Amino acid sequence: MAFGGFNENQHQAPMADINVTPMVDVMLVLLVIFIITAPLFTHAIKLELPNAQSQAAPEKPETITLAINAEGKLFWNNAAITREELSQRIATASQKQPQPELQLRADKSTRYEVIAQVMSAAQNGGMNKIGFVTDPKEVGR
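Numbering-wise (this note's numbering), the sequence shown opens with residue 13 and increments by one.
Here you go:
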């Protein structure tokens, strides 16, 4: 028999162990091949790019956060203000160049009437960029 020991008198049982030596040899050869060929796949093309001049990027406008809590109180960039102050601050902010963006953050319990009044005051004051900020959490279905 081709497998087994040199002693013929011993009981010949099938071998139960798996010979992993050939598999390890193949894996080592593949590893060496990949180590050698990997740098060949990461080549870069050398280019001399032309020089060009362009205008500077436009200045990013300021962002103003106007928060409205559940009781209808106003907060301009986290500072409490009154409705009269709101009109003055909107008028001042709308004159800036570039005009800042007004981001409204309203509590979900805030009455729509208050939000509509604030939006109307912002529009009448000359603010063109008005956005709403919401919670990015996904609503359960």
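A virtual CB, placed ideally from N, CA and C, is assigned to each residue, including glycine.
None of these values were measured; they are calculated from a predicted model.
C-alpha gap between residue i and residue j, whole angstroms
i	j	result
Ala103	Lys149	34 Å
Thr48	Met27	For the sequence presented, residue 48 should be read as Ile rather than Thr. Computed Cα separation, rounded: 38 Å.
Ile30	Thr54	39 Å
Ile93	Glu71	28 Å
Leu42	Ser66	51 Å
Beta-carbon proximity of residue i to residue j, cut-off 8 Å
i	j	result
Ser99	Ala133	yes
Ala105	Ile142	no
Gln111	Asn140	yes
Inter-residue CB distance, residue i and residue j (contact presumed, cutoff 8 Å)
i	j	result
Pro51	Glu113	About 49 Å separates the two Cβ atoms, so there is no contact after all.
Gly84	Val126	4 Å
Cβ shell of residue i (< 7 Å), same chain only, five flanking positions each side left out
i	result
Asp37	none
Gln135	none
Same chain only: Cβ atoms within 6 Å of residue i, ignoring 5 sequence neighbours per side
i	result
Met13	Confidence in Met13 is poor, its pLDDT being 47 and thus under 50, which makes the residue's placement unreliable; the coordinate value appears in the next sentence. Cβ within range, chain order: n/a, list empty.
* **Any 3 or more C-beta pairs closer than 8 Å across the segment 115-122 and the segment 67-81** => yes
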